[in-house]
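Numbering-wise, the working numbering puts 189 at position 45 of the sequence shown, and it's gapless, one number per residue.
All C-beta atoms, glycine included, are put in the ideal place defined by N, C-alpha and C.
Step one of this worksheet: look at the structure below.
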Amino acid sequence: MNIKSKSLSYLVAAVLTSISTLATTQAFAHGAAKPMHGGVVQSASDLSFELVATSDGATIYVVDHDDAFDTAGTRGKLTALNGAEKSEAELKPAGGNKLEAKGVKLDKGAKVVAVLTTPDKKTITLRFALK
Numbered sequence: 145m146n147i148k149s150k151s152l153s154y155l156v157a158a159v160l161t162s163i164s165t166l167a168t169t170q171a172f173a174h175g176a177a178k179p180m181h182g183g184v185v186q187s188a189s190d191l192s193f194e195l196v197a198t199s200d201g202a203t204i205y206v207v208d209h210d211d212a213f214d215t216a217g218t219r220g221k222l223t224a225l226n227g228a229e230k231s232e233a234e235l236k237p238a239g240g241n242k243l244e245a246k247g248v249k250l251d252k253g254a255k256v257v258a259v260l261t262t263p264d265k266k267t268i269t270l271r272f273a274l275k
């Protein structure tokens, strides 16, 4: 085996090792959470937030790595844009991992922004687009 084919063998081995490392990293990376309540999911601050339109407003479910996140003490504001129409409502804890906003209107195609403040004064901003 000459020097050129040895170098080529090392190069091929290095490339294959790099590709397998990247593939492994992708397998363990956190992906977007799946909706559990028929809503739209966004992630921020290592938490998943699912926005669900309700008959009288909206509910946001908060999950921390597949575990319900206690929303006690969390507050916020939900702003929805339905075309040119804007509606806003306060987000309040509703027991367990739920936050509720009453009186906000969420139509198909609405753009929604939620700004939350956790009990430890951390601010989380989320953007949703309803399908």
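Helix, strand or coil: which one does DSSP assign to residue i?
i: Gly220; result: strand
i: Gly247; result: coil
i: Thr169; result: With a pLDDT of only 42 at Thr169, under 50, the local geometry of the prediction cannot be trusted, and the value read off the model is given with reservation. Thr169 falls in the helix class under three-state DSSP.
i: Asp208; result: strand
i: Phe193; result: strand
i: Gly182; result: coil
i: Phe213; result: coil
i: Thr267; result: strand
i: Thr261; result: strand
Output yes or no for whether 8 Å exceeds the beta carbon distance between residue i and residue j.
i: Asp93; j: Asn226; result: Beyond the ends of the chain as shown, which are 145 and 275, falls residue 93; an answer cannot be given.
i: Val257; j: Ala202; result: no
i: Ala197; j: Gly240; result: no
Any beta carbon of chain D sitting closer than 8 Å to that of residue i?
i: Gly217; result: The structure shown contains no chain D, having only a single protein chain.
Have a look at the DSSP bridge pairing and note the partners of residue i.
i: Tyr233; result: The question names Tyr, but residue 233 is Ala in the sequence shown. Leu222, per the DSSP bridge assignment.
i: Ala188; result: Leu191
i: Leu274; result: Per DSSP, none; premise fails for Leu274.
i: Ala202; result: Ala197 and Ala245
i: Lys255; result: Leu225 and Ala273
Below 8 Å on the Cβ atoms is my contact criterion, and I expect residue i with residue j to pass it. Report the Cβ-Cβ distance as a whole number of Å.
i: Leu243; j: Val185; result: With 8 Å as the limit, Leu243 and Val185 do not qualify as a contact, their Cβ atoms being about 14 Å apart.
i: Arg219; j: Leu235; result: 7 Å
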